[in-house]
Ligand SMILES: [Zn+2]
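In mature numbering (1 follows the signal peptide of the UniProt record, and there is no 0), the protein residues as written are -22 to -1, 1 to 269.
Put into structure tokens, the structure is as follows:
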């Protein structure tokens, strides 16, 4: 797949040039080549993240982050390692009952989907922005980042945000056994069910790093789909996989950060300038993803 490889290389170049990372803060930005989740050979990641997962992460100190895999890569856990096939609806096909891995939503309209990960920073202005402007967002929350203030995310939920699963402690999942991966995914889902009244059915793996056990664990925790992303947004600036522009159905990855509100407004201006509108997962994903 030369085209895919070229695209992937371009994406890596963009990510690397920008020093952008998934699930981290600017202070942890690094320039090493992304390492997680390679799908071309269907194998496990051949390298581990430079600093490795945190051994005793503090709730106030987000863990160092390995760079994200390109969203276009097939996850390493793909049961066959073959290119992703799609259903008539355009969604990746679920194989062997495992949840499909999605980085783009098949839509006709000029819409994109904003996802926000982790939950370290809790900015009251941001709740007002989401509520007043009615901006649809999906939150993939890591319990260790949100447990000091579940109420903050309840306010976001009441403002329309969808709350979904991003593990208990934000580990690099492929390093863990199936059993521990399942604990990471199921335990946070159970907590959010209690805290937010709805059990998550959508999952994003920390660092976008998955293996076959991750897909099994996610399925066994009731997750109906696993989400990657197309663009990483850092400090309000969008890093494009295809340089320069958004595409219909792109999933944008943002992190809660100390300058959340101004950064988010900057991103919204960029989205609008390109003629796109943020849309809600709930309106564009199959209903069975939420059952
Ligand atoms: Zn994360």
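Here a beta-carbon is modelled for each residue, glycine too, at the ideal position from N, C-alpha and C.
Those residues which DSSP pairs with residue i across a bridge
i, result
"residue 123", "The partner list for residue 123 (beta bridge, DSSP) is empty, contrary to what the question assumes."
"residue 212", "215"
"residue 203", "180"
"residue 143", "119 and 181"
"residue 79", "204"
Where the beta strand (DSSP E) containing residue i begins and where it ends
i, result
"residue 289", "Residue 289 lies beyond the range of the chain shown here (-22 to 269); nothing can be said about it."
"residue 256", "255 to 257"
Span of the alpha helix (DSSP H), counted from its first residue to its last, around residue i
i, result
"residue 90", "From DSSP, residue 90 is part of no alpha helix (DSSP H) but of the beta strand (DSSP E) over 89 to 96."
"residue 160", "156 to 174"
"residue 108", "102 to 111"
"residue 270", "Nothing in the structure corresponds to residue 270, since the chain is present only between -22 and 269."
"residue 192", "190 to 198"
"residue 130", "128 to 136"
"residue 83", "First-last for residue 83: undefined, no H or E at that position."
"residue 240", "238 to 251"
Cutoff 7 Å; reference residue i; Cβ partners in own chain excluding five residues on either side
i, result
"residue 128", "173"
"residue 130", "100"
"residue 196", "77, 163, 181 and 204"
"residue 84", "67, 68, 69 and 227"
"residue 266", "202"
"residue 137", "105, 108 and 109"
"residue 236", "99"
"residue 111", "none"
"residue 198", "160"
"residue 157", "none"
Cβ-based neighbour list, residue i, same chain, cut-off 8 Å, excluding 5 preceding and 5 following
i, result
"residue 256", "89, 90, 91, 92, 113, 114, 115, 246 and 249"
"residue 132", "173 and 174"
"residue 177", "167, 168, 170, 171 and 200"
"residue 274", "The requested residue 274 does not occur in the structure, where the chain is confined to residues -22 to 269."
"residue 264", "67 and 69"
Buried versus exposed call for residue i [16 or more other C-beta atoms within 10 Å across all chains shown]
i, result
"residue 166", "buried"
"residue 16", "Here the model assigns residue 16 a pLDDT of 33, short of 50, so the residue's position is not dependable, and the following value carries that caveat. Buried: at least 16 other Cβ atoms inside 10 Å."
"residue 87", "exposed"
"residue 188", "buried"
"residue 202", "buried"
"residue 75", "exposed"
"residue 296", "Because the chain spans -22 through 269 in this model, residue 296 falls outside it and cannot be assessed."
"residue 194", "buried"
"residue 253", "exposed"
"residue 261", "exposed"
"residue 103", "exposed"
"residue 259", "buried"
Neighbourhood of residue i by C-beta, 6 Å cutoff - its chain only, sequence neighbours within 5 removed
i, result
"residue 135", "141 and 174"
"residue 107", "239"
"residue 214", "241, 244 and 245"
"residue 268", "179"
"residue 159", "151, 191, 192 and 195"
"residue 139", "115 and 117"
"residue 224", "90, 252 and 254"
"residue 120", "96, 144, 145 and 148"
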